[in-house]
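Enquirer: In the UniProt record's numbering, the protein residues as written are 1 to 190.
1) DSSP three-state label for residue 25, please.
2) Following the continuous alpha helix (DSSP H) through residue 131, name the residue where it begins and the one where it ends.
3) Less than 6 Å between C-beta atoms, sequence neighbours within five positions excluded: which residues of the same chain meet that for residue 138?
4) With a CB to CB cut of under 7 Å and the five nearest residues on each side skipped, what residues in its chain are close to residue 181?
5) So, at 6 Å on beta carbons, what are the nonlocal neighbours of residue 120 in its own chain, with the 5 sequence-adjacent residues on each side left out?
6) Leaving out five residues on either side along the sequence, give the residues of the same chain with a beta carbon under 8 Å from the beta carbon of residue 195.
7) How far does the alpha helix (DSSP H) with residue 78 in it reach, from first residue to last?
8) Using the C-alpha atoms, what's the distance from residue 148 back to residue 62?
9) Give me, in chain order, the residues of the same chain whose beta-carbon lies closer than 8 Å to that of residue 158; leave out the 5 immediate sequence neighbours on both sides.
10) Nearest-angstrom Cα distance between residue 203 and residue 22?
11) Between the C-alpha atoms of residue 54 and residue 113, what's the straight-line distance to the nearest angstrom?
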C-alpha cells in the first residue's frame, strides 16, 4: 500500500513537472516567434525605404550633378542592404549605413530650394519621412518583444528549460552611433 502511494505521488509529481515543462517550452517558442514576426515588420519597413530610394535618386540626380559621390554612396548602401541576409547583423549594419546615406542626401536636398519645391521630390520626402516614422515604431515594438522574450529566458524557473532548449537572449535594436549625438546648431548672432 505504501509502495502504491509512493508510486502515485511520484507519477503525479512527474506529470506536474512534465506539464510545466511543456507549457514553459511552448511559451518560450511563442515569445520567440513573436519577436521574429516583429523583426519581419521592421524588415518590411526597411524594404519600403529601399524601394523609394531609386525614385528619389532619379528625381534629384539631374540637379545634384556635383553630388555624384553622395548618390553613389547611397546606391552602394542600398546594394549592401539588399545583398545582406535577412535578419543578420550585417543586414542591420547595412540598414544603418543606408539610413546615414539617406540622411546626408536629404540634408543636401534641403539646401536646394528648386529641389524642395519639386512636387515629385516633396512627395518622396514625405513618403520617406512617413517610412522613417514607421521604422521607428516597428523598432520600438521589436525591442519590446525582445524584452519580453529575454525576461522569460532569464527568469527562474523558465531559465532552466531555456538553457536546455537553446533559447538564448536576443539583442535589442540599437540606433546607429550618430543618432545618439546631439546635432550641432549654428545660429547667427542676434
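Note that beta-carbon positions come from the ideal geometry of N, C-alpha and C, so glycine has one too.
It should be emphasised that the depicted structure is a prediction, and the values quoted were computed from it without experimental measurement.
Expert: So, to answer that:
1) helix
2) 119–154
3) 41, 42 and 45
4) Confidence at residue 181 is low in this model, with a pLDDT of 48, below 50, so the placement of that residue should be treated as unreliable; the coordinate-derived value is given next. Take residue 181, set aside five residues on each side of it, and no residue of its chain has a beta-carbon closer than 7 Å to its own.
5) 59
6) In the structure displayed, the chain extends from 1 to 190; residue 195 sits before or after that span and is not available.
7) 68–83
8) 48 Å
9) 24, 27, 28 and 152
10) There is no way to answer for residue 203, as the model of the chain reaches only from 1 to 190.
11) Going from the Cα of residue 54 to the Cα of residue 113 covers about 21 Å.
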